[in-house]
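Okay, structure first, notes after.
Numbering (the working numbering), first residue to last: 1279 to 2405.
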């Protein structure tokens, strides 16, 4: 500690010291040592806040603690001067533009960052704005800051401290962040004011007197409004307002010299504007009208590199986006597209606002040189714009709000939606009328192509909200009649968009997730900043576990302990065979043991992964599990189907029915009714209600007077808002009807004849016949009807399903499918575990993540990513939406794996699936040798009767026969009949060895599980054709043939891979260097034996993973071998 350089503040003293580690100067802030609760609160808040904040304009945190005297201290970077010193020495700024660049934008950007981190500073003033020797501003002194969730527990609170006039009149507003906004406004007014501001009246007078532009005065006046609700609601909003105002000022300042650009319109552009390439004059008029207001410009981005293409520019007008290309004389307009409002806004946010000096002409200008110079100036202006953006990105100060990134994700979804819709374009309408299920729309323009039998949905052109949809039953020019549903509340003017069914639902859920994270309305608002800057994730505090439910290796135990203690996010890399499912099951159990009232969501891109985790938990005796899925239950594994929500609701109904039978049995006995007839009557009463609901759904008209009476409970729950399709609902009710019919039949044992097709009235007549006419019978009948209605609601009412879900500890489903039940939207989710996260697209993973407070990701960046090949091949869509291949290919798992600190991720390195020779090869070729394989014992007799665990059958000896068959016509898939023959021969050898007891399968009496893998569909087809006639002759093998892309997540006793490709051009296609993950997936399926069939000589001449694998096999003869294929 130095004897010089101390400062005194409200809560302590700051002394200058030296960091012995690097010799740099530091500021050591000692909190007043009265040892009271307030001092401790000030210390704890500032320490916690600064530790979690990382921004170029916030003073960096170094250390904190309690010294030997009991004084709290915090160590920060030492900064000599502050803004108060600068104002005293140099006086106020004379130029607002200079103040904006040097002070306003940096400090408001820093405050926007803190607000996004849920922190309010609450003591902004010049003395707390430090200025380094290089002129960089540093926001400091967070002693009375407030983090979301904090509350004042003492009568002497830190909120009582404030500095006038920087603190607003209300001191403690109910609206968060507006106190800081007020302080920012006063601070900026002070920087422009020649006299010191002391009172609120001084502030209100000064904002009128200072020399600032009118638009800036309006913003500052709003900041210091006495009514909190009249201010910008947070620093992000203030930053957006100031930035926009500065953009307009810069643009208008450049408008002094005219810049005419000569445009020539191509036929394609004219056709895009008018529908006909020859209507160029009409097209020119549309362009001129669209470019009269604010005009923005951006370069097109190269879809591979993401770099700007300087010869191709997008010009953004009021409602159109024009693509122009520069040439020797000016520019040529090559295309034009009318855009929706949100898409245009995205371009404007990313683009350069052009000065008003630019004008657009379609006639050869008198001064051609001036037109050429104008185009050159436009390109130069864009160059500077992109260069400045690149500098800001490098400095870490660009776009703290992060809207660009979220806009990119939204554009990806729009591109996927357009890909699904194909060639159909949106149809604006200007009027509509509804008659029952028919909606008649008057289109803005006639449509020539026939729309009959196509499906369309209504969309609000301004908000993107979706409404009813249906099928076109009549079409005449500009009139379209659509038969559908949900026509209520549709806008007077809107757009008809092609309806794409399930894809639209999934994309809608993803779009909703992106928007909720972007706007800070996700279950945990901090998720926004965490996705923008994963580096800021808090370090987990490992939780000690003393009672393990499973026998986990040390690395998995470390992963569970760290995941339990993760405050934000934790990422687990799980290579094949490392026990990801066991890790997930243990984590869920430990999480709920530590916090029994917690709720965990398990989500995955694949049904198999979800079901594997649930099955582990279910087998361990864990209860309160529920599986959410679509109506197609065939996609759910058989062992967990009893966990489906519908199945559990039916089980609940059966339990209630048994209790009802017990309750009613005394009355039945008094009425002379047997127990079996009572059970039948109960089932028939519920069946009557079920049949009535089926009839209503099938007619698509729900008659309210026919619905069962509302019970007190269902009335309290409110109206159902189920979005389940009518067809799925009807199918579920029919299944329930069949179950009830069988139950009634069994109970009656032939005493009464029933028909499955009976109506509701017939079922009620049957109940009457069973109950009889006596007084006791009539009372029993009344109770039966009430019970039947109640039982029906338990089995099928969506509102009661919501009540059931509220009691569940673990819910599981696919990333977008788990939201199928509307009640899930209202559940609080503590932890979201995303399994197979590397296989989900970024926006798919965001759906479950946006609904939870903490997140655990499990996956493997070395396995197959999600498939987006069709979108990646669509050059037009990528250019249209300004997307690069990297934008499409980035998954949320990869983003986190790249940017999360080491403390927030772990690699499971103990591998149990593959026998050591296979595991060692996978470890060496794909995981840098980090995997340790535990399976040492293979199949008895396998090496002697078949070959070493890793066997390459080299087809080089087959001459010309070894070559692939070229695709026919427009096909792109390859086959290789020679490899098919070799593979079938190897299967025969394996089957014969088992038949003669030379090889003993892992499970005696069970066929050996064999997975045959090929990279191309044509080769898969060829293998299936050849094996179809052979399967009966291979009884000791259970053979499955699959493509490489379909095989991830599967495992088998033995795997065989057909490489398929062999050609003189050295082309590997889907198995080339860029597709090394496919090789990893294909080779890591087998437990005991792996056979690769392919042309080794060909592979040696190609770069990539297969050559590395071949080299490994050649250099490890103890575990691997290469054999020549038999001719």
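Ideal Cβ placement from N, Cα and C applies to all residues, glycine included.
Starting from residue i, trace the beta strand (DSSP E) in both directions and tell me its first and last residue.
i            : result
residue 1706 : 1705-1713
residue 2367 : 2364-2372
residue 1362 : Taken as a continuous stretch (DSSP letters only), residue 1362 belongs to no beta strand (DSSP E), being part of the alpha helix (DSSP H) at 1361-1368.
residue 2331 : 2330-2336
residue 1776 : 1772-1776
residue 2321 : 2315-2321
residue 1730 : Unbroken run through residue 1730: none, as it is neither H nor E.
residue 1351 : 1350-1355
residue 2425 : Only positions 1279 to 2405 of the chain appear in the structure, and residue 2425 is not among them; the question remains open.
residue 1455 : Run containing residue 1455: none; DSSP gives neither H nor E here.
Determine the closest residue to residue i out of the options, with distance taken between C-alpha atoms.
i            : options                   : result
residue 1653 : 1541, 1745 and 1583       : 1541
residue 2305 : 2288, 2294 and 2293       : 2288
residue 1371 : 1445, 1473, 1297 and 1898 : 1473
residue 1517 : 1508, 1494 and 1538       : 1494
residue 1379 : 1967, 1443 and 1524       : 1524
residue 1543 : 1309, 1897 and 1603       : 1603
residue 1827 : 1302, 2251, 1899 and 1545 : 1899
residue 2482 : 1366, 1764 and 1755       : Outside the shown range of the chain, which is 1279 to 2405, sits residue 2482, and nothing can be said about it.
residue 2389 : 2402, 2374 and 2403       : 2374
residue 2057 : 2019, 2085, 1951 and 2147 : 1951
If we call anything under 8 Å between Cβ atoms a contact, is residue i one with residue j?
i            : j            : result
residue 2371 : residue 2231 : yes
residue 1329 : residue 1804 : no
residue 2008 : residue 2034 : no
residue 1292 : residue 1340 : no
residue 2406 : residue 2368 : In this structure the chain extends from 1279 to 2405, so residue 2406 is not present and cannot be described.
residue 1650 : residue 1607 : yes
residue 2358 : residue 2204 : yes
residue 1400 : residue 1457 : yes
residue 1883 : residue 2093 : yes
residue 2209 : residue 1633 : no
If you run the structure through DSSP and keep just helix, strand and coil, what is residue i?
i            : result
residue 2253 : strand
residue 1693 : helix
residue 1413 : coil
residue 1384 : helix
residue 1579 : strand
residue 2099 : coil
residue 1927 : helix
residue 1837 : helix
residue 1640 : coil
residue 1617 : coil
residue 1848 : strand
residue 2425 : One cannot answer for residue 2425 here, as it falls past the ends of the chain, which runs 1279 to 2405.
residue 2048 : helix
residue 2346 : coil
residue 2275 : coil
residue 1917 : helix
residue 1371 : coil
Considering only residues of the same chain and omitting the five flanking positions on each side of residue i, which have a CB-CB separation below 6 Å?
i            : result
residue 2107 : 1877, 1879, 2129 and 2130
residue 1789 : 1691
residue 2319 : 2290, 2298, 2301 and 2302
Where does the unbroken alpha helix (DSSP H) through residue i begin, and where does it stop?
i            : result
residue 1568 : 1558-1568
residue 1858 : 1858-1872
residue 1901 : First-last for residue 1901: undefined, no H or E at that position.
residue 1601 : From DSSP, residue 1601 is part of no alpha helix (DSSP H) but of the beta strand (DSSP E) over 1598-1604.
residue 1511 : Unbroken run through residue 1511: none, as it is neither H nor E.
residue 1343 : Run containing residue 1343: none in the alpha helix (DSSP H); it sits in the beta strand (DSSP E), 1339-1344.
residue 2163 : 2163-2167
Among residues of its own chain, excluding the 5 on either side of residue i, which ones have a beta-carbon nearer than 8 Å to its beta-carbon?
i            : result
residue 1695 : 1778, 1781, 1782 and 1785
Which same chain residues end up closer than 7 Å to residue i when comparing Cβ atoms and leaving out the 5 residues on each side of it in sequence?
i            : result
residue 1550 : 1613, 1614 and 1615
residue 1922 : 1905, 1907, 1911 and 1914
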